[in-house]
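Visitor: Once you know that position 15 of the sequence shown is 14 in numbering that gives the first Met the number 0, the rest is easy, because the numbers rise by one and skip nothing. Before anything else, here's the structure in question.
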Amino acid sequence: MGSNLDATLFGLTRKGLNPGNPLIDIIGFFCGVVSVKKYSSHESSKGSFAQNPWLRQRARVDQVLRHNSADLFSGHKDSMKQFWITLRQMKEQGFYIEVQTYSAIAERLKKGKMDNDVVAFKHFFERMMKDNATDEVAKKVADVVSGSEWSAGIEKELGELKITLSDNFVVRVLKELRICPSKALSFFHWVGQSSGYEHNTITYNAVARILAQADSIGEFWSVIEEMKGAGHELDLDTYIKITRQFQKSKMMEDAVKLYELMMDGPYKPSAQDCSMLLRSISANDKPDLDMVFRVAKKFESAGNTLSKAVYDGIHRSLTSAGSFDEAEKITKVMRNAGYEPDNITYSQLVFGLCKAKRLEEACKVLDEMEANGCVPDIMTWTILIQGHCAANEVDTALVCFAKMIEKGCDADADLLDVLINGFLKQRKIEGAYKLLIEMVNMTRLRPWQATYKNLIENLLGVRKLDEAFALLHLMKKQSYPPYPDPFVQYLSKFGSVEDAAEFFKALSVKEYPSSAAYVHVFKSFFKEGRDSEAKELLYKCPHHIRKLGEISKLFGSTEGKQTAA
């Protein structure tokens, strides 16, 4: 079934890519063009499995192929489905099939009497060849445009390329120029002035996506205005991509303006898009309430009924901004619309009150919740406790925590992290340690790795080595990787030889720590001028560590320096 073709020469190539990508060989396996035996021997020459990440990926591919390749020739439905899926993935990643490879695969399909697949593969190959040629020209054009500032010389050079303009080609060039928005726009305008070509919805949407960033926001709105004037619209897919970019970049005024524009057009964003925009506005430290009501009004004016998520979005900004009277009015309107306040609504109110330092009122909200039949959940309690910690009211935060436990609500890693950070903020490091140990022992809670790390660093900062070791043991017990760095730094300055030996034991799981861990500690001791302690520690190390070449070299170079001195 195999052939003498080398897997890397199979013919699935992409300029500038490592031929080790598994997609290069997968098609050949499905069609029997490359043998599994030949593939395996070829890979063995590239290095060990562990050293080559592509090999690990390809090994998984190999397992699939071993299972499916034999079925392909009998027209097995699942195998052919995988064949076409792989072709599409290959095309998406920029790979192209060479002619001889196409011929070999087509011949296999013909022998299998898969006439429909033969025709489909022919069409796929022809489109791929055409796209490949287009890509090469598009890259040349992009290189010319990005090479220098736009000028008559660039226009002349572009004219000499004798470009055949099409929507697909223009979009490809714009994509190549996406990191140079001003140059992309210059190319866009040049194309629009070329005889025989007129921009349309496709090309306007493409350039809008590129210009939707802070450095080119003026040009973005100019193109949008030009686009509307020409009778074209942003499509929903483009809107979603652009609004997410605006929201991510905190360009909220532009996000709201774009939302209003879309709601006035034929392609209206969904209710989910509205609530996401409201959430983004509320995420600002001082939410712009004018924007909030602009979004809500525009959503409602399009004939939509406000959903619970939209009401929550409005309420979130009002409470965060400290507009509690208006927030209460929205809650009443929401009730009248048939939506009862839930944990989300109450949690937002608690957050706003804590932010405004109105902690007693925030506590009373939880009593109000229970009176209205809404049991506070872990999120509500966490927000309340975090609010107290942020206000340096850690003692009251602990009272709230005890009340939460009493009411049967179990703590989680997020809440523990909030409490630990509250303790550490007030330099109550020993109290933070005791709290974590108690929570782990009593509730079997698994703290976040970041919580462990933060507390270890603070413990070592006040010379609490035994407690830090205890946390290191707990981390190991809960299957977290060791966290040696702060220990090495501490031991080299303040630790004894016995402390360092204990550290090595703490790092051990089923075997000794890596040789690198030992080398790291010894180097840190030498750096602090503690040569004699380093030698004493060496004698406490396992035999195989003492015989390591790197260790011998390290101690030898130190002795040489002492002799020279």
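We treat Cβ as the ideally placed atom computed from N, Cα and C, and that holds for glycine. Owing to the predicted nature of the structure, the values given are computational and were not obtained by experimental measurement.
#1: Tell me whether Tyr538 is buried or exposed, calling it buried when 16 or more other Cβ atoms sit within 10 Å of its Cβ.
#2: Between the alpha carbons of Lys109 and Met89, how many angstroms are there, rounded?
#3: Is the distance from the Cβ of Tyr451 to the Cβ of Leu470 below 9 Å?
#4: On the three-pair Cβ rule with 8 Å, is the segment 110-125 touching the segment 144-153?
#5: Are Gln347 and His314 close, meaning C-beta to C-beta below 9 Å?
#6: Mind checking which residues open and close the alpha helix (DSSP H) that includes Pro485?
#7: Can you tell me which of the three DSSP states Glu154 falls into?
#8: Output yes or no for whether 9 Å exceeds the beta carbon distance between Ile419 and Gly460.
#9: Assign Phe554 to one of three DSSP states: helix, strand, or coil.
#10: Assuming Leu458 and Tyr432 form a contact by the criterion Cβ under 8 Å, report the distance between their Cβ atoms to the nearest whole angstrom.
#11: In terms of residue numbering, what span does the alpha helix (DSSP H) encompassing His188 cover?
#12: When burial is assigned at 16 or more other CB atoms within 10 Å of the CB, is Gly548 buried or exposed?
#13: Which residue marks the beginning of the alpha helix (DSSP H) containing Glu224, and which one marks its end?
#14: Take the Cβ of Phe486 as the centre, count every other Cβ of all protein chains shown within 10 Å, and call the residue buried at 16 or more, exposed below.
#15: How far does the alpha helix (DSSP H) with Leu317 in it reach, from first residue to last?
#16: With 16 as the cutoff for other CB atoms within 10 Å, does Gly421 come out buried or exposed?
#17: How big is the Cα-Cα spacing for Ala320 and Gly312?
#18: Taking the beta carbon of His198 as the centre, do at least 16 other beta carbons fall within 10 Å, making it buried, or is it exposed?
#19: Helix, strand or coil, according to DSSP, for Phe250 in the structure here?
#20: Buried or exposed for Ser68, please, with buried defined as at least 16 other CB atoms from any protein chain shown within 10 angstroms of its CB.
#21: For Ser316, count the other beta carbons within 10 Å of its own beta carbon; 16 or more makes it buried, fewer makes it exposed. Which is it?
#22: If you count every other CB in all the chains shown that lies within 10 Å of the CB of Arg426, and 16 or more means buried, which is it?
#23: Do Asp272 and Ile280 have their CB atoms nearer than 9 Å?
#24: Going by CA-CA distance only, name the one from Phe123, Gln99, Ala103 that's closest to Leu86.
#25: Where does Gly372 land, buried or exposed, given buried means 16+ other C-beta within 10 angstroms?
#26: Which runs of the beta strand (DSSP E) fall wholly inside the segment 264-306 and span at least 3 residues, in chain order?
#27: Are three or more beta carbon pairs between the segment 320-340 and the segment 292-300 nearer than 8 Å?
Guide: On the basis of the coordinates in this document:
#1: Flag for Tyr538 reads exposed.
#2: So the alpha carbons of these two residues sit roughly 22 Å apart.
#3: By the CB criterion at 9 Å, Tyr451 and Leu470 fall inside the cutoff.
#4: Judged by pairs of C-beta atoms under 8 Å, the segment 110-125 does not touch the segment 144-153, as fewer than three such pairs exist.
#5: Against a cut-off of 9 Å, the Cβ pair of His314 and Gln347 comes out as a contact.
#6: From DSSP, the alpha helix (DSSP H) with Pro485 extends over 484-493.
#7: Here Glu154 sits in helix by DSSP.
#8: No; because the gap between Cβ atoms is not below 9 Å, this pair is not in contact.
#9: Three-state DSSP puts Phe554 in a helix.
#10: Yes, they are in contact, since the Cβ atoms of Leu458 and Tyr432 sit about 6 Å apart, within 8 Å.
#11: From DSSP, the alpha helix (DSSP H) with His188 extends over 180-191.
#12: Counting the other Cβ atoms within 10 Å of the Cβ of Gly548 gives fewer than 16, which makes it exposed.
#13: Its alpha helix (DSSP H) spans residues 216-228.
#14: It counts as buried.
#15: Under the DSSP assignment, Leu317 falls in the alpha helix (DSSP H) whose first and last residues are 307-319.
#16: The residue is buried, with at least 16 neighbouring Cβ atoms inside 10 Å.
#17: Spanning the two alpha carbons is a distance of roughly 13 Å.
#18: Burial call: buried.
#19: Checking the displayed sequence, the identity of residue 250 turns out to be Met instead of Phe. Under the three-state reduction of DSSP, Met250 is assigned to coil, being neither helix nor strand.
#20: A caution first: Ser68 carries a pLDDT of 37, below 50, which makes its placement in the model too unreliable to give a value.
#21: Counting C-beta atoms within 10 angstroms of its own C-beta, Ser316 has 16 or more neighbours from the protein chains shown and is therefore classed as buried.
#22: By the 10 Å Cβ count, Arg426 comes out exposed.
#23: In this structure, Ile280 does not lie closer than 9 Å to Asp272 by Cβ.
#24: For Leu86, the closest of Phe123, Gln99, Ala103 by C-alpha to C-alpha distance is Phe123.
#25: Counting C-beta atoms within 10 angstroms of its own C-beta, Gly372 has fewer than 16 neighbours from the protein chains shown and is therefore classed as exposed.
#26: Within the segment 264-306, no run of beta strand (DSSP E) reaches 3 residues while sitting entirely inside it.
#27: No: fewer than three Cβ pairs fall under 8 Å.
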